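First the structure, in the form of structure tokens, and then the observations on it.
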Amino acid sequence: MATCPFLSLKNRKLNAGFNNYSEYAFKQKNRDYSIEDCFKFHESIEKCVVPIWKQLGSFLKKNLDVKTYRPWDLAPCNLQKYSFENYINLLDGIEEMLRKTDSCFHEEFTHIRKAGLIDVQERKNKAPGAACFTLSHSKDVFVYSNFSFSFYAIHALIHELGHAFHFYKQFNNESSMQERYLREEVAELYSLSLELLLMDKLNIFYTQEDDYKEVQQAQLYRTLSLLISSVSGDVFQHWLYTNPNHSPEERDEKYIELCKRYQYSSVDIAGVENEIGSSHFTLFSFLFIKLNMQLRK
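When we follow the UniProt record's numbering, the leftmost residue of the sequence shown carries the number 1, and every step to the right adds one.
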């Protein structure tokens, strides 16, 4: 049986007196919960969240009027109309959402905007996507985004501003550079939390009740998706490291089995199994379960 070099390398942790890499990783990361706590969390998600996820899949399938619900049908928000007329409207709307949510967030966003530390306008050759960068010398941030006039432009900007507020919090606490850049497992905590905090203010952009409900559903869909997919990945990793002698075929089979059990439980993935995967398992072991456990609190 062929041995995976990646697993062989991680299994060297047995030399440190651990039964498997999972035990070593939890000790190394100084987690405030145990592997057994994770298993209980897996069970809770499968029992309480997956049934809701399946119902949501059936609802979206009916709305799309398709016989088979496929991976390319998963975009939850299909509004055709523009969410805003121009990028000034986008920034004004976000500013109003933050004003209604928290005075500190509103003040920091006003500073970012007045200082020219935000770039959301589309232009030729501008890279797609969104990001938030730290400017350590001046203790500031730079927020970048490039989307069409849609719900996803609003969503992406809110997400990146969550990162920005997180960085300002660290600057104010005089966090060291090491602390600021090496905490991958909580990097998404502020960004995802801000998405939920502002969800009830989306009517600033969507004044029609039906549109407002649809974008709220899209945000809830994303939240459920993150809960389920990250738990699926965590179950897979625990299996991976406690069964290090499995074959590549067994590994693929197990991963697809868990996908069908969790995030693709309401989706037909026949014929596209090889397109489903994640590099996070090899780059950042047990990353997203930490985020879920934090959000649960």
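Ideal placement from N, C-alpha and C gives every residue a C-beta, glycine not left out. Note that the structure is a prediction, hence the values are computed from the model and not measured.
- [ ] Note down the Cα distance separating I158 from V235, rounded to an integer number of angstroms.
- [x] By one-based count along the sequence shown, residue 158 stands at place 158. By one-based count along the sequence shown, residue 235 stands at place 235. If I take the Cα positions, the gap works out to 30 Å.
Open item on the list: Using the three-state DSSP reduction, which class does S168 fall into: helix, strand or coil?
Closed with: As a working mapping, residue 168 is identified with position 168 in the sequence shown. For clarity, residue 168 is Tyr in the given sequence; the question names Ser instead. Y168: helix per DSSP, three-state reduction.
Task: K67 Cβ short of 7 Å to the ligand SAH heavy atom set - done: Summarising the ligand content, the structure contains no ligands, and the ligand SAH is consequently not present.
Open item on the list: According to DSSP, is I118 part of a helix, a strand, or is it coil?
Closed with: In the sequence shown, counting from the first residue as 1, residue 118 sits at position 118. DSSP places I118 in strand when its eight states are reduced to three.
- [ ] Please look up how many angstroms separate the CB atoms of Y190 and F171, rounded, as I've assumed it's under 8 Å.
- [x] Residue 190 sits at position 190 when you count from the first residue of the sequence shown. Residue 171 sits at position 171 when you count from the first residue of the sequence shown. Their Cβ separation, rounded to whole angstroms, is 13 Å, which puts Y190 and F171 out of contact at 8 Å.
TODO: Could you pull out every residue in the same chain whose Cβ sits closer than 6 Å to the Cβ of Y206, ignoring the five residues on either side in sequence?
DONE: Start at 1 with the first residue of the sequence shown, and residue 206 comes out as number 206. Hits under 6 Å: Y212 and V215.
Task: Backbone CA spacing between W53 and I276 [nearest angstrom] - done: Here residue 53 is taken as the residue at index 53 of the sequence shown, counted from 1. Here residue 276 is taken as the residue at index 276 of the sequence shown, counted from 1. So the two alpha carbons sit approximately 19 Å from each other.
Task: Bridge partner(s) assigned by DSSP for L135 - done: Translated into positions along the sequence shown, residue 135 becomes position 135. DSSP, once it has assigned bridges, lists D140 as partnering L135.
Task: Cβ contact (3+ pairs, closer than 8 Å) linking the stretch 106 to 121 and the stretch 84 to 98 - done: yes
Task: Distance CB(T101)-CB(L197) smaller than 8 Å - done: The residue you call residue 101 lines up with position 101 of the sequence shown. The residue you call residue 197 lines up with position 197 of the sequence shown. Yes, Cβ-Cβ distance for T101 and L197 is below 8 Å.
Task: Coil, strand or helix - M1 by DSSP - done: Looking up residue 1 in the sequence shown gives position 1. Model confidence at M1 stands at a pLDDT of 38, short of 50, so the residue's coordinates are unreliable; what they give is reported in the following sentence. DSSP places M1 in coil when its eight states are reduced to three.
TODO: May I ask you to verify whether the stretch 244 to 253 touches the stretch 31 to 45, counting CB pairs closer than 8 Å and requiring at least 3?
DONE: no
Open item on the list: If you reduce the DSSP assignment to three classes, tell me which class G57 lands in.
Closed with: Locating residue 57 in the sequence shown gives position 57, where the first residue counts as 1. In this structure, G57 counts as helix in the three-state DSSP scheme.
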